[in-house]
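As numbered in our numbering, residues 3 to 560 make up the sequence shown, in order. Where a beta carbon is used, it is the ideal one built from N, C-alpha and C, also for glycine.
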Amino acid sequence: MPNIVFSKRDLESLMGFDIDNNQLETYFFPAKGELNDFVDGVITVEITDSNRPDLWSVEGIARELKAHLGLEKALPKYRFAKSDYIVEVSGENKFNPKETSAIIRNVNVTEDLLISMINFQEKLCNTFGRKRSEFAIGIYALNKVNGKRLRYTVVDKKTKFKPLEFNEEMTLEEILKVHPKGKEFAHLMKDMNKYPVWIDEAGKIMSMPPIINSNESGKVELGLQDLFLEVTGVSQEKVDLVLLICALAFADRGAKVESITVNYLDEKKAIVSLDTTPGEISFEKQKIFDYLGEFLTDNQIVEFLERKHYNIKVVGNKVNVQYPKYRQDILHPVDIIEDLIIEYGYNVIKPAKFSSATTGKILQTTEWSNLVREASIGLGLQEVVTFTLTNVKKQSDLLNIDKKERPFVELANPMSGSIAIFRQRILPEHLELLSKNQHISYPQNIFEFGKSVHIELKNKNEIVKEENNLCVTLCHNEASYTEAKQRLDAILKAIDAKDIKYEPVDLSYLISKRSALVTFKLGKNICTGYIGELHPDILLMFGLNMPVAYFEICVDKY
3 MPNIVFSKRD LESLMGFDID NNQLETYFFP AKGELNDFVD GVITVEITDS
53 NRPDLWSVEG IARELKAHLG LEKALPKYRF AKSDYIVEVS GENKFNPKET
103 SAIIRNVNVT EDLLISMINF QEKLCNTFGR KRSEFAIGIY ALNKVNGKRL
153 RYTVVDKKTK FKPLEFNEEM TLEEILKVHP KGKEFAHLMK DMNKYPVWID
203 EAGKIMSMPP IINSNESGKV ELGLQDLFLE VTGVSQEKVD LVLLICALAF
253 ADRGAKVESI TVNYLDEKKA IVSLDTTPGE ISFEKQKIFD YLGEFLTDNQ
303 IVEFLERKHY NIKVVGNKVN VQYPKYRQDI LHPVDIIEDL IIEYGYNVIK
353 PAKFSSATTG KILQTTEWSN LVREASIGLG LQEVVTFTLT NVKKQSDLLN
403 IDKKERPFVE LANPMSGSIA IFRQRILPEH LELLSKNQHI SYPQNIFEFG
453 KSVHIELKNK NEIVKEENNL CVTLCHNEAS YTEAKQRLDA ILKAIDAKDI
503 KYEPVDLSYL ISKRSALVTF KLGKNICTGY IGELHPDILL MFGLNMPVAY
553 FEICVDKY
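Set out below in structure tokens:
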């Protein structure tokens, strides 16, 4: 979970009053925070909710605490003027094609603000932005930006500018090899012939997102000034959210925030940044009792939820809620009710007595999964856990599998293209993991017991079916079908599989005659899977230089 570091002096300045040191231990609970440390006036708070990036800064924490204390009730009242700045987005940029931006005026950049700004930017990009692969944030001194028509486009890799903290010009290609940030994030620009840049009206390069700002307009110093703030990324929804969260942090410090018109040249459309239209959700009052176990009056419901920045109307048995645009975590009435219970106070909820005495025991399915894991660990394999949500490119394209053969279960409104479907197989997630760990010594022999999800036809109807898969991936100089089969045979014996059969199979991602379809019985269930050596072309697409052998089998017994 994110750790937010800030000075007590800065928090008190944002709150508008002094805070007793003795209160700090529990002070941050309403903002889903826990005090980790308080030394020499510096506070470290762990935010226990990874879905609330608006709380990952001292400004966001202060905003939440002021609402809790009743100093600011209901929806925050932010008003953004429209600037006369225009951003033109080139259709050539396929890396991070979406953009949004704002002008921040009359900012008193203090040491506290500069530290908060850098920490907040890093927290958002590294955690919420998956180490800049989802989006990147840029902040510039507006007085060093020429003109009011700015371009976000791509240029040749030989183009030069001075990167931050460097006094000499370098080509974009050199920046990726020499600059510390260039070396850290060079993998994001792999196989690109042209690189994305920001260019002002005078033709000067402002930055090379998501790598580094220029040493001129991209260098923000202390003092009263105006700023240009931009976010580029893969999803319009996500960059809009991040810009809004950052803009609110500046607004909370007294800055004047202005929106910008963004022209997408290839799509021939224009959007205006900083949409603050609130979200809306309704539910029955009964739901509050279902979760809380106590009935609340209409006035209590309004009072508690207004202290979480909601606009509330209770009409009969309906609770109608408007919530801030930056609350992207709200997906269901239970999210609203959770906030209500926080304000009500977990400590005042009366515990209910058990109506009957029962004895608990481990589920049969859990005992089974433990048996499968123990068998794998006994073979010297290391357990890993990868994400169930993934993308079509990884699951299908990089394995040369036609995605039309077996449709994926897709998310209705994915926040990012990198997590848009449920995985059908664990293998590609392992290959990606191995590609990111090539600096670790070999052999790298891993396993995972986890879910796979696919669509199945039943009585001419499509149904979603979940399976428990065991995937074992062997990566080292001598990884082979023989070694994989030896380990699979040992595991099948340990889990008491019957009627085991290996049949030759031709799959696009496995070497012909070094792969097989596996079928066996577990209890009453017929289970299947594949085993083989990965084709060299597939290894190249994942950037792997070592041979890989694997097997992935369904292990559903119950």
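Quiz item: For F8, which beta-bridge partners are listed by DSSP?
Solution: Locating residue 8 in the sequence shown gives position 6, where the first residue counts as 1. F8 has I45 as its beta-bridge partners, per DSSP.
Quiz item: Ordered along the chain, which non-local residues of its own chain (more than five positions away) have a Cβ less than 6 angstroms from that of L152?
Solution: As a working note, residue 152 is residue 150 in the sequence shown. Closer than 6 angstroms at the Cβ level, and outside the excluded window around L152, lie V89, D202.
Quiz item: For I442, is the classification buried or exposed, using 16 other Cβ atoms within 10 angstroms of its Cβ as the cut-off for buried?
Solution: In the sequence shown, counting from the first residue as 1, residue 442 sits at position 440. When all chains shown are included, I442 counts as exposed.
Quiz item: What are the boundary residues of the alpha helix (DSSP H) that includes G149?
Solution: Residue mapping note: residue 149 aligns to position 147 of the sequence shown, counting from 1. No alpha helix (DSSP H) holds G149; DSSP gives it neither H nor E.
Quiz item: Just reading off the beta strand (DSSP E) that V199 is part of, what are its end residues?
Solution: Walking along the sequence shown from the start, residue 199 turns up at place 197. Taken as a continuous stretch (DSSP letters only), the beta strand (DSSP E) holding V199 covers 196 to 201.
Quiz item: What's the call for M191, buried or exposed, on a 16-neighbour Cβ count within 10 Å?
Solution: Position 189 of the sequence shown holds residue 191. By the neighbour-count rule (16 or more Cβ atoms within 10 Å), M191 is buried.
Quiz item: Closest to F451 by CA distance: which of H432, E464, A422 is it?
Solution: Along the sequence shown, read from residue 1 onward, the residue named residue 451 stands at position 449. Checking every option, the nearest Cα to that of F451 belongs to H432.
Exercise. Check whether the Cβ atoms of V550 and T484 lie closer than 8 angstroms to each other.
Key: Taking the first residue of the sequence shown as position 1, residue 550 is located at position 548. Taking the first residue of the sequence shown as position 1, residue 484 is located at position 482. It is not a contact, given that the beta carbons lie outside the stated cut-off.
Quiz item: Which word fits F102, buried or exposed, when buried means at least 16 other C-beta atoms lie within 10 angstroms of its C-beta?
Solution: To locate residue 102, count along the sequence shown from 1; it is residue 100. A small correction: the amino acid at residue 102 is Thr; Phe does not occupy that position in the sequence shown. Counting Cβ neighbours within 10 Å, T102 comes out buried, since at least 16 surround it.
Practice problem: Excluding the 5 residues preceding and the 5 following K68 in the sequence, name in chain order all residues of the same chain whose CB lies nearer than 7 angstroms to its CB. | Solution: Locating residue 68 in the sequence shown gives position 66, where the first residue counts as 1. These residues qualify, in order along the chain: M17, E74.
Quiz prompt | Where F187 falls: helix, strand or coil (DSSP) | solution = As a working note, residue 187 is residue 185 in the sequence shown. If DSSP states are grouped into helix, strand and coil, F187 belongs with the helices.
Self-check item: Unbroken stretches of the beta strand (DSSP E), 3 residues or longer, contained in the segment 272 to 319
Solution: The segment 272 to 319 contains these whole beta strand (DSSP E) runs: 281 to 286, 313 to 317.
Exercise. Return the first residue and the last residue of the beta strand (DSSP E) that A249 is part of.
Key: Counting from one through the sequence shown, the residue named residue 249 turns up at place 247. Per DSSP, A249 belongs to no beta strand (DSSP E); it is in the alpha helix (DSSP H), 238 to 253.
Quiz item: Alpha carbon to alpha carbon, how far is G225 from N24?
Solution: In the sequence shown, counting from the first residue as 1, residue 225 sits at position 223. In the sequence shown, counting from the first residue as 1, residue 24 sits at position 22. Between G225 and N24, the C-alpha separation is close to 34 angstroms.
Quiz item: Any idea what DSSP makes of F82, helix, strand or coil?
Solution: Counted from its first residue, the sequence shown places residue 82 at position 80. Collapsing the DSSP output to three states places F82 in coil.
Quiz item: What is the DSSP secondary structure of N349, reduced to helix, strand or coil?
Solution: Within the sequence shown, numbered from 1, the residue matching residue 349 stands at position 347. Correct three-state label for N349: helix.
Quiz item: Considering only C-alpha positions, which residue in the set K160, K146, G62, D86 is nearest to M119?
Solution: Mapped onto the sequence shown, residue 119 falls at position 117. Comparing Cα positions, the closest option is G62.
Exercise. Could you name each continuous alpha helix (DSSP H) segment of 4 residues or more that falls completely within the segment 10 to 76, going from the start of the chain to the end?
Key: Inside the segment 10 to 76, DSSP marks whole alpha helix (DSSP H) runs of 4 or more residues at positions 10 to 17, 26 to 29, 60 to 70, from first to last along the chain.
Exercise. Determine the extent of the beta strand (DSSP E) in which S261 is found, giving its start and end residues.
Key: Locating residue 261 in the sequence shown gives position 259, where the first residue counts as 1. Run containing S261: 258 to 266, per the beta strand (DSSP E) assignment.
Quiz item: Which residues in the same chain as K84 place their Cβ atom closer than 6 angstroms to its Cβ, once the five residues preceding and following it in sequence are excluded?
Solution: Looking up residue 84 in the sequence shown gives position 82. If we look at K84 and ignore the five residues flanking it on each side, its Cβ neighbours are S261.
Exercise. Would you kindly work out how many angstroms separate the C-alpha atoms of N527 and D558, rounded to a whole number?
Key: For this step, residue 527 is matched to residue 525 along the sequence shown. For this step, residue 558 is matched to residue 556 along the sequence shown. Taking the straight line from one Cα to the other gives about 7 angstroms.
Exercise. Sort out for me which residues DSSP pairs C473 with in a bridge.
Key: Translated into positions along the sequence shown, residue 473 becomes position 471. Bridge partners of C473 according to DSSP: E450, E554.
Quiz item: For D399, which of helix, strand or coil comes out of DSSP?
Solution: Counting from one through the sequence shown, the residue named residue 399 turns up at place 397. Note: D399 maps to helix in three-state DSSP.
Quiz item: So what does Q227 bridge to, in DSSP terms?
Solution: By one-based count along the sequence shown, residue 227 stands at place 225. Answer by DSSP bridge pairing, in chain order: V109.
Quiz item: Looking at V520 and G531, is the spacing between their C-beta atoms short of 8 angstroms?
Solution: As a first step, residue 531 must be located in the sequence shown, where it is residue number 529. As a first step, residue 520 must be located in the sequence shown, where it is residue number 518. Contact: yes.
Quiz prompt | R81 burial status per 10 Å Cβ neighbour count (16 or more: buried) | solution = Position 79 of the sequence shown, counted from the start, is the residue given in the question as residue 81. Exposed is the call here.
Practice problem: Output yes or no for whether 8 angstroms exceeds the beta carbon distance between V321 and Q227. | Solution: Along the sequence shown, read from residue 1 onward, the residue named residue 321 stands at position 319. Along the sequence shown, read from residue 1 onward, the residue named residue 227 stands at position 225. Going by C-beta atoms, V321 is not nearer than 8 angstroms to Q227.
Quiz prompt | Straight-line Cα distance separating L57 from F291 | solution = The residue you call residue 291 lines up with position 289 of the sequence shown. The residue you call residue 57 lines up with position 55 of the sequence shown. If you draw a straight line from the Cα of F291 to the Cα of L57, it comes to about 28 angstroms.
Quiz item: How many angstroms separate the CA atom of D341 from the CA atom of L307?
Solution: Translated into positions along the sequence shown, residue 341 becomes position 339. Translated into positions along the sequence shown, residue 307 becomes position 305. Cα to Cα, the separation comes out at about 7 angstroms.
Exercise. Just mark S209 as buried or exposed, buried being the case when its beta carbon has 16 or more other beta carbons within 10 Å.
Key: The sequence position of residue 209 within the sequence shown is 207, counting from 1. Per the 10 Å Cβ criterion, buried.
Practice problem: Have a look at the DSSP bridge pairing and note the partners of Q426. | Solution: Numbered from 1 along the sequence shown, position 424 holds the residue referred to as residue 426. In the DSSP output, where bridge partners are listed per residue, Q426 has none listed.
Self-check item: F356 - DSSP class collapsed to helix/strand/coil
Solution: Position 354 of the sequence shown, counting from 1, holds the residue named residue 356. Coil, per DSSP.
Quiz item: Alpha carbon to alpha carbon, what distance is there between I177 and F168?
Solution: What you label residue 168 is simply residue 166 of the sequence shown in a count that begins at 1. What you label residue 177 is simply residue 175 of the sequence shown in a count that begins at 1. Taking the straight line from one Cα to the other gives about 10 angstroms.
Quiz prompt | Distance between E385 and I457 (C-alpha atoms, nearest Å) | solution = Position 455 of the sequence shown, counted from the first residue, corresponds to residue 457. Position 383 of the sequence shown, counted from the first residue, corresponds to residue 385. Cα to Cα, I457 sits roughly 27 angstroms from E385.
Quiz item: Given F8, which residues of its chain have a CB within under 7 angstroms of its CB, disregarding the five upstream and five downstream residues?
Solution: Here residue 8 is taken as the residue at index 6 of the sequence shown, counted from 1. I45, V60, S118.
Quiz item: Quick one, which of N447, S398, S237, V111 has its alpha-carbon nearest K96's?
Solution: Against the sequence shown, residue 96 aligns to sequence position 94. Residue S237 is the option with its Cα nearest to K96.
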